[in-house]
Structure formats: structure tokens, C-alpha cells
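For reference, the structure is listed below as C-alpha cells.
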Amino acid sequence: MRALIPRCWLLRERSVGKSCRTSIVLNHLYTRYSLATRGSGRGWLLVGFTVATFVGFLSSAPVAQAQDSTIRAVQNIFNPLSAPAETLYSVSILVMVVCAVIFLIVGGLLTYAIIRYRRRGPEDDHEEPPQVYGSAAIELAWTVPPILIVVMLVLVTARTIGEIEHHQMPAAAEEIRIIGHRFWWEVRYPKHDVVTANEIHVPLSSRTNRVPTEMVLESADVIHGFWVPQLNGKTMLVPNYRNTMWIEPYATGIYLGNCTVLCGQQHANMLIRVIVDTPDVYQKWLETQKAKPVSDPQTEEGRKQFVASSCGTCHTIQGTPGANGVFAPDLTHFASRATLGSGVAPNDEQNLRSWLKDPQTLKPGCLMPDMQLSDNQVNAILAYLRTLK
Amino acid sequence: MADPATLKEIGTELRPAPPGHEHGSLTAWIQDLIFTVDHKKLGFLYLGAGWMFFVLGGILALGIRTQIAVPNNHFMDAEAFNQAFTMHGTTMIFFFAMLMVFGLANYIVPLQIGARDMAFPRLNAFSFWATFFGGIFLFLSYIFGPGLYGMGAAPDASWFALAPLTSRAFSPGNNIDFWSLGLLVSGVGSITGGVNVMVTIFCYRTRGMTLYRMPLFTWLVLVTMFLVVMFMPPLSAAQIMLVLERFFGAKFFEAQAGGSPVLWQHFFWIFGHPEVYILVLPAFGVISEVVPVFSRKPIFGYPMMVAATVMIGFISAGVWAHHMFTIGMDSFSVTFFAFATFVIAIPTGIKIFNWLGTMFGGKIRFEIPMLFAIAFLFQFLIAGLTGIMLGCAPFDWQLNDSYFVIAHFHYVIVGGIVFGVFSGFYYWYPKATGRMLNKRLGLWNFWIFTIGFHLTFDPQHFLGILGMPRRIYTYQEGRGWEFFNMISTIGAFVQAVGAILFIVNMIYSARKGQVAGDDPWDAWTLEWMTSSPPPEYNFEQLPEVRSRRPLWDLKHPEDPDWKFE
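Printed below as a string of C-alpha cells:
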């Protein structure tokens, strides 16, 4: 299995964003090998990697100031950018190689049999081929290799399952709660008292500063599935159950994902955006989310309309009396999000206007009804919402 | 043994001519089909109804593929799409593949074991009509589904109807009830049918046909029917619970009331995984008949083939939770079910090796049934290997509920079962109708369908690897899915052409096909001993069997099989 790992490095190096590629790859080499070499006397590797990592880290340090807006839309499971996804990837490659070898052998034998033992013209019909009924020896011989392969696969699988499910979280680990709703994601940061929706900010993890994120997954209604392939496999969000999953991303950027379990009409547009920030940027983001939005007298009318039109029955806006619903996404910092309706459209003025007029045009089947707002009301609420940075 | 004339009288007595019966009139023919208890006619009914549902399910599939051919498409809306894939899945599993299983079993098994009919002919008719009306009832949901609530029409909660999406709160209207009641009724038909076939095989074999001399198709059908009788009831029970929940306020699966949505998944997959083997074992049976006959050799390692089948039957009962690896099970359970799943690869591998061993040293005739059988072997090999990938739980955490799974199980169901069914049709059609299926049309059918199949389902593996989840009616540009989806949709239409050619061939050859004779393939099992099509009483004289290949013994008296068994 170890022999396969260098290929992962190559793949990763090609695909990681330019910003801090070197340090990411080297960091990862380091973590890989510090595990692999535990007690195996290959300490020089550690030293080498430490030096290299340090150099790599220096070269990438200045980039880590602003949010990385690379959108990682193509979520190839064979291009993992997070620790658990990486583990899944290496076991996947092993299983695929085993399967490919089996396919080549059996497929090759089949092809050989088809070509070699084909009927070669009418003269072949005069006599039947020798009638062979079987052979205990041969049959035993070809039963043993599958058994050995199965034993090997079971051991590898069991080990990987343990590695991921019994992973020890460092004390610094970030913790978030994700609650699936039809058809959006509620995101809570219990350590920081922050509530947001659909766009999940998590910190970047690196060797010097390991910050994995533990996610508690719950559901408010039906079963949903959380899947961002480059970060980890998927886990279902089951009502009445508390599932957990962890990620440890080592590349910044915006990762796209989907709900994977049919949850109703807008299952397809229950999109996920995970935004991986460097710890500095992440801290800054947390600060802005913790702050109450400043009420702007210019948009006071919109704020009144928001409450008067019953928006507050479902939506919460911190610091606005009458807007404390929990049925729909928290809008306290709505304008700081890049998308609307769980990723269905960019959060710009035009889309927001269309959404306020009738959410069913952008996301038919979503649970927000057409509130029958007049144009004046729409304008006022729109102006107000766009100040909620 | 009674003489043929007496037997003929007995045969006609069993089915009294309907009043006003005139030979050849359409009404009389329909009346005959409705009242028949003859296993061959019921076999035709099963197969005919199966192909009818296949066409319906196929049209839905084309709709699904058209909708997701390009990003942001508006061919169907979300609701229509959810209904389409729910109905497609339900139809193809319960009303196409199941009907093929029972149709082939009905038609072939009594002939292969030298029986005059099924053990319980009336029950047989009941099974068919229950299954058939279950399917019709399901499709009536398109008309009557809105019910009093004006919500929804056809069932739209996917073919495994995950709770709590099926509860009243999330599925108002009556569409889910059409799903559960329709399948409940057809499930009763399947269970009674299963009992019937089992009893027939155990009690109605001709003289000399010990279990150890039974043709492999019959053996595989026997194991299948055990699975039907054991694993349809959990589904029926779960559906009854669902009906109780929706109509009478029971709270089995509803999370808000303390029920457990996970319970539904356990019930469903305890049925759902053996169901895969219920469908695929008869296809294995067809291949186990076709490969030896067209390789001109007996099946390699018959006892191992039987043992492997029984093993598959047993193990299939203990792997269901591999459909639920992502539900948050503890790591011990995950490991156990991954282990059980891998173990099932061993008997399946043995079967593939034995088919291979049969072909080795043979003189393979590339008739159409054999072409389908060879394609089956390659495709089932790939399906099995992707199954191993999915069985590896950590890999499954990535692949579960993605298009990779879709590709995998369509490789099993289309690449395996449908190809097996095609093979079986080309093989037994001459027996059932007395005419050969047209070979030229057959070749077109084979190549177009095979190419279409690969165009449709090969790209879906890559879609899964690129993170496309199943059951989405739309997707945004730039996710890397456009190309593969387009190819897949083109493939679906190519496949449809292939399937149409098959149906055309069946209709065309029934009248214009070359006359087959009793034994066109120079085969060895009992069904080829009687005339084509067989008379109502099947055999003029019930044959006596001394080996697994009674016709070989007759054709080669100097070198009979029974000397070696």
C-alpha cells in the first residue's frame, strides 16, 4: 500500500491551487511519513521533510492574507485535499488495482477462450469436443486466490475504517454542527456562538497548526447526505441521530458539494459550499459573524417591512426584534454570503429581487412561499438585506 | 405410461373450452389467456407483461436521461423527474425483472424437470394476476395519485422510499400509498409464485431426476424461489407498517414521534439485497444452460456450481447493511458487512471460473444466445469488481449514492440480467413458438444494444468519481459532468433502438421465422425432447432420466453421461 502513495503526491501536486502548493505537499509528506516511519528507523526522512516543509512554508506565507476564492467545482474523489479523503483515496487505489488485475486476468482468459476455442467451420460439427465434467484440483486451485484476496481486502478495509472512525481529534479542533433542512443547511459554531447557513467556513489545517474540523450532523426533517468529495466521504444526516464526520483540509478555496440522499423536490439544489480559509482569515470571518449587524437608518424601512411581512417568523436576524424564526436560514449576515437559496444562484441584486418576488421561480418546490410582496416592499427589504454584511 | 391420446384428453379436460369458443377468434384467444392455468401460457403472460412494463420503464428512463443530458435543463420539472426515476426503478425491478424471473421459471422449469404443469396451476394464475394488477395499480397512480389533496401524482420518494420522506408530513397525497399497496399486492403474487415453483421442483420431477441431476437453470431458480419466499415478506411487512403509519397513526419510522428512519432502511435492505440475487440467479441459470450447449461441453464442475449458488443464497441474507455504510453505523458493524460483502465474491468468482472452464476446450458456436452470454460474462465481471469496490466501506463512503452506484447496479441489472434474459429468449424462443428468432435482426439487436449499454453506463462510473450524486434533476455548469452526461444520454437512445429491434424481432419471427424443429441447438436438457411449441401436456411420455444430460445419452448411446456421474 505504501508503494502506491507516491502517485498520490504527484496527482496532488498537479491539482492544488498555486497559492501554497509546495508547503501543502511537503506538509502532507511529513504527516504521512511521520506516521509511516514511527519506530522504523527512517528518522532522516523526518529531518529532510522538516527542513523542506519549513522552506515551503516560508515561500507560501505571504499568500495567506485574503480569502482564497478558487472555486473547486470539479470534486474528483481521486484528487483529495483533506486528510480523511486522502486515506479513503489510498485504500481506493489499492482496491482498484486489485480489481484491475483480476479483470485483466479473468477478462484475458475469457478472451483467450473465445478466440482459441471457437468453432472453426462446419468440419468442427462432425465431432463433439472431449466431454470434461470438472476437476476437483483445478476448482480448488481457483478458489484459493479469491479467498486470499478477500482476507487481504478485509484487513485493509478494517484498518482504514478504524483509522478514520477512531481518529483522535487534537484539542485545537474546530467543531461545527450541521443541521439538514429541506432544502438548506443550518451551520452552527457552538464554540463561537455563530449561526449561519449553506456556506460553511472552516480553517485550513497544516503541520504547524493542525486544525481539523469535527462536524456533528443532524437533521430537522428527512434524511439528507453531506458530501464534499475532496474533503471526505459522505455521511447521512438522520433525524433523531447524531452522526459525526471530520475533515482536515490542506488547501484553501471554495469546495462544492451536494446533498446525496433524496429529500424532496429541491434535493438537486441543496448544494454545499465549504470555504477553507487560512486560520487568520477564518478568525476574521468569525469576528464579523459574531458582530451584530449595524442598523443603517437608510434601510430602516426595509427592516420594518421585513418584520411586518412575517419574514421574521421563519428567519432570524440578530438584533432585530420580531425576526427570530428558526425554520429558515439565519440571515444575520446574509449579505456576506456569495449565494442564495443553498447555492442555487449568486447572491446579487437581480437574483435577490427575483427571490423576494417569488422564491418559486429560482427554486421551485422550496419551502419559502411567495409572500405576495409589492414592488415597494421588495425594494425596501432588498435594500435592507443587502446591508447585512 | 398412458398413451398420448389419453393424455391429450386429460390435458384438454383441465382447461374446459370457454363457451362459444371458436378457434382463432381474438376474443376467444383473450378469454383463453385470462382463464388459463397452463404454465406455458402463464409464462407467456408473465413475459409479455414484463416487456410491456419494460417499455414503460424504458420511456421513463429516456425522460430521465433527456432531463440531465445538459446542465440546467427544463425538459421536466423536479416533481416530474422524481416521479420518473421512482417509477423507473420500481417498474424495472418489480414489474420487469421479477416478471422475467417468474416467466422464465414458469415456462422452462416444468419442461426441464419433465412435469406436465406446475404443482398448483390455479395458484399460478393467481400469482400472475396479483403481480400484474399490482403493476397496473402502481401506474394508475399517474391518473389517480392526486387523491383528495391535489399533491403529487405518481410515487416520488425513490424506489427504496426512504422514511421519513414517505410520512404524511413530507408526502401528502396518495402517491406513496399507490407505491406501497401496489408492491404489497404484487409481493403476494411473488411469494405464492415462489412457493409454487419450489413445490413443483421438489415434487414433480420426472423419474430418475434426482436433485443432483437437475439442470442448472432449475437449480438456480430453486435457490431464487427460496430467496423470494424468505425475503419478500420483510418488504411486505415494512409496507404494511408504512400503510399503518400513513392511515392509522402508527409511528414506526417517523422521527418526530420517536420512530426510527433507520428501521425502514434495515427492513428495506433485508429484502433489497437478496432481491438482487433473486433477479440475477435466474440469469446465471440461463448462462449456465447456454454456455455449455454452445461450447459443446457439459458444465464444468456441476457440484461446485450448485454449491456456489446455495452459498450465494445464504450469504446474500447477511450483507444488507452495505447499502447503509453512510448512515453512521459503528465501525464494528461496518467492518462486518464489508467482510460479508467481500465473501460473496468467492462463490461468484467460482461461477465465473466454471463458465470459463466450460468454454475451455470447447468448440464455441457464436449463435445469438452465446453472444449475449459472452457479453454477460464480461459485463458481470466488471459489475462484480465494481461491487467489490463498493463493498470496501471506506471507498463506499465516497461512492455511495453517487452515479458510480447507478453505473454498478445497471451493470448488474442491464449488463447482467437483461443480457441473460436476451440470451434466454434467443435460446428458448424456438422452443416456445416453434420458430427461430431472425439471426440478422438478432445481430443488429445484440451489437446496437451492447454499444448503447456501454455508452450509457460506462461514463456514469466517471460521473460518480467526479462527485455527481444520484437523483438530482438538474446541475450547474462547471462541475465536470456535462460531457459524460451527454454521452450517457446518447447511449440511452442507442440502447432504446436495440431494445426496439428485439421486440420487432419477437413479433416478426413469430410469423415469419424459420421453422425450428424440436431441438435446433442440439441441446441436452429435457425441454428439447418434446415438440416445439410443446403440447399442452408437455410430454407424450414422461421421460426417464439417468444423467444430467438426458438428450446427450439418447444421442450418444455409445458414450452416455450416466457412466461418468
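Chains as they are written, first to last, in the working numbering: chain G, 1 to 389; chain Z, 1001 to 1565. Quick reminder that beta carbons are idealized off the backbone N, C-alpha and C, glycines included.
Pair within 8 Å by beta-carbon distance, residue i and residue j
i, j, result
"residue 1238 of chain Z", "residue 1264 of chain Z", "yes"
"residue 1252 of chain Z", "residue 1259 of chain Z", "yes"
"residue 299 of chain G", "residue 383 of chain G", "yes"
"residue 252 of chain G", "residue 277 of chain G", "yes"
"residue 1509 of chain Z", "residue 1435 of chain Z", "yes"
"residue 1107 of chain Z", "residue 1516 of chain Z", "no"
"residue 1198 of chain Z", "residue 1232 of chain Z", "no"
"residue 197 of chain G", "residue 302 of chain G", "no"
"residue 1406 of chain Z", "residue 1279 of chain Z", "no"
"residue 1346 of chain Z", "residue 150 of chain G", "yes"
"residue 1062 of chain Z", "residue 1339 of chain Z", "no"
"residue 1297 of chain Z", "residue 1362 of chain Z", "yes"
"residue 1466 of chain Z", "residue 74 of chain G", "yes"
"residue 1137 of chain Z", "residue 1182 of chain Z", "yes"
"residue 1143 of chain Z", "residue 1184 of chain Z", "no"
Contact with chain Z by residue i, beta-carbon distance below 8 Å
i, result
"residue 326 of chain G", "no"
"residue 83 of chain G", "no"
"residue 329 of chain G", "no"
"residue 210 of chain G", "no"
"residue 88 of chain G", "yes"
"residue 131 of chain G", "yes"
"residue 106 of chain G", "yes"
"residue 119 of chain G", "yes"
"residue 341 of chain G", "no"
"residue 174 of chain G", "no"
"residue 371 of chain G", "no"
"residue 128 of chain G", "yes"
"residue 75 of chain G", "yes"
"residue 301 of chain G", "no"
"residue 78 of chain G", "yes"
Residue from the options whose Cα sits closest to the Cα of residue i
i, options, result
"residue 328 of chain G", "G:189, G:180, G:245, G:277", "G:180"
"residue 126 of chain G", "Z:1563, Z:1556, Z:1560", "Z:1556"
"residue 1213 of chain Z", "Z:1067, Z:1177, Z:1524", "Z:1524"
"residue 85 of chain G", "G:359, G:176, G:229, G:366", "G:229"
"residue 1091 of chain Z", "Z:1113, Z:1131, Z:1068", "Z:1131"
"residue 1479 of chain Z", "G:66, G:67, G:76", "G:76"
"residue 249 of chain G", "G:79, G:231, G:341, G:325", "G:231"
"residue 1449 of chain Z", "Z:1463, Z:1499, Z:1421", "Z:1499"
"residue 119 of chain G", "Z:1035, Z:1430, Z:1295", "Z:1295"
"residue 1191 of chain Z", "Z:1267, Z:1291, Z:1083, Z:1126", "Z:1126"
"residue 152 of chain G", "G:99, G:170, G:202", "G:99"
"residue 112 of chain G", "Z:1403, Z:1374, Z:1333", "Z:1374"
"residue 286 of chain G", "G:164, G:193, G:387, G:353", "G:193"
Any chain G beta carbon closer than 8 Å to residue i
i, result
"residue 1401 of chain Z", "yes"
"residue 1487 of chain Z", "no"
"residue 1343 of chain Z", "yes"
"residue 1034 of chain Z", "no"
"residue 1331 of chain Z", "yes"
"residue 1398 of chain Z", "yes"
"residue 1285 of chain Z", "no"
"residue 1215 of chain Z", "no"
"residue 1079 of chain Z", "yes"
"residue 1483 of chain Z", "no"
Any non-hydrogen atom of the ligand MN closer than 7 Å to residue i Cβ
i, result
"residue 1503 of chain Z", "The ligand MN is not part of the structure shown, which contains no ligands of any sort."
Under 7 Å (Cβ pairs) to chain Z, residues found in the segment 139-162 of chain G: 139, 142, 143, 146, 147, 150, 153, 154, 157, 158, 160, 161, 162
Return the residues of the segment 1262-1276 of chain Z that lie within a Cβ-Cβ distance of less than 7 Å from chain G, sorted by chain order. 1262
If the cut-off is 9 Å on Cβ atoms, which residues from the segment 248-265 of chain G count as contacting chain Z, listed in chain order? 256, 257, 258, 259, 260, 261, 262, 263, 264, 265
Identify each residue in the segment 306-319 of chain G for which the Cβ-Cβ distance to at least one residue of chain Z is less than 8 Å, and report them in chain order. none
In the segment 1340-1369 of chain Z, which residues sit with their C-beta less than 8 Å from some C-beta in chain G, listed in chain order? 1342, 1343, 1345, 1346, 1349, 1350, 1352, 1353, 1354, 1356, 1357, 1359, 1360, 1361, 1362, 1363, 1364, 1365, 1366
What residues in the segment 281-293 of chain G have a beta carbon less than 9 Å from any beta carbon of chain Z? none
I'd like the ranges of any alpha helix (DSSP H) spanning at least 4 consecutive residues and lying wholly in the segment 1238-1301 of chain Z. 1261-1295
Contact residues within the segment 1501-1535 of chain Z, judged by C-beta distance below 7 Å to chain G: none
List, from N- to C-terminal side, the alpha helix (DSSP H) runs of 4 residues or more that fit wholly inside the segment 1480-1526 of chain Z. 1482-1512
Please go through the segment 1340-1399 of chain Z and give each complete alpha helix (DSSP H) segment of 4 or more residues, from N-terminal end onward. 1368-1391, 1393-1399
Which whole runs of the alpha helix (DSSP H) in the segment 1115-1156 of chain Z are 4 residues long or more, in chain order? 1121-1144
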